[in-house]
Structure formats: structure tokens, C-alpha cells
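Under UniProt numbering, read the sequence shown as residues 1 to 118, first letter to last.
Here the structure is laid out as C-alpha cells; the discussion comes afterwards.
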Amino acid sequence: VENVRLLDRLSSRKATLGTLYLTATHVIFVENGSEARKETWVLHSQISSIEKQATTATGCPLLIRCKNFQVIQLVIPQERDCHDIYISLIRLARPGMRRKLAQKSILMLKGENIMEGV
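Here is the structure:
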């Protein structure tokens, strides 16, 4: 998802614009415009909780709390994108769901019937 803002918890004025990637194992935020291309990686198994906050004029805030006490606050421009990311992270952060989603992906590649309820 492009044009996502990563908010700095220490300074409410500082926000970094970038692109958010969601893989099978990680949430990855890549800053736009910097030559060094700073990246923030979070392993799904390190996510403790995910909170979708009320939509504002600037977008839909998503708060990710990690087991190592890291807190990441993202503002996603479209509410629908935020909801999709929220639902995906809820599923990926649960250990049993990662296996089911992986099995579902394999079945989709093989062209077999997909399991219900995933």
C-alpha cells in the first residue's frame, strides 16, 4: 500500500511517508524519497496486538504493539486498505492461522478446492 505514514511516537509532528508491504512472514515499511531507503521490518510472530482506530481526515490509523514493546503507528490513506491489512494481520499473527493460510495458498496454486473458514 502506497502513501502510508509511519508516525513517530516521540514527536507528533514527525511522520514518514512510505510504502507498506505485507508478506507471509513480515510487515515491511519502506520510506519514500530517502537515498538510504530506511526499512522497518516486523515479524508476524512478534505482534502482540493490532488496533484499528477511528478514521480521521488524514486516513485510518493502525496501531501495532509488538512483544518486544515496540509500538508502530501507521496511517493508511484508504479505510478499505486499512481494514484489509487489519484482518490479514489478525490472521497472520495467530500461530495456527499461519499454517492454514500457507495450506490455502498451496491449494490455490494446485487449483484444488479451498478450505472454508479461512
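Note that the Cβ used here is the ideal one computed from N, Cα and C, for glycine as well.
With distances taken Cα to Cα, identify the nearest neighbour of residue i among the options.
| i | options | result |
| --- | --- | --- |
| L92 | N32, V1, L43 | L43 |
| A15 | D81, K52, Q73, H83 | Q73 |
| S49 | C66, V75, P61, H83 | C66 |
| H26 | N32, E39, T58 | E39 |
| S45 | H83, P61, A24, D81 | A24 |
| I87 | Q70, L62, D8 | L62 |
| D84 | Q70, V71, T58, E51 | E51 |
| V1 | R94, I90, R80 | R80 |
| L7 | T58, V75, R94 | V75 |
| V71 | P77, I47, T58 | I47 |
Between residue i and residue j, what straight-line distance do the alpha-carbon atoms span, to the nearest angstrom?
| i | j | result |
| --- | --- | --- |
| T55 | R5 | 14 angstroms |
| L17 | F29 | 9 angstroms |
| R37 | I64 | 22 angstroms |
Identify every residue that forms a DSSP beta bridge with residue i.
| i | result |
| --- | --- |
| L74 | L6, L62 |
| L20 | F29 |
| S49 | R65 |
| V42 | V27 |
| Q15 | This sequence places Ala at residue 15; Gln is not what is there. The partner list for A15 (beta bridge, DSSP) reads L7. |
For the beta strand (DSSP E) holding residue i, just list the boundary residues, first then last.
| i | result |
| --- | --- |
| E35 | Taken as a continuous stretch (DSSP letters only), E35 belongs to no beta strand (DSSP E), as it is neither H nor E. |
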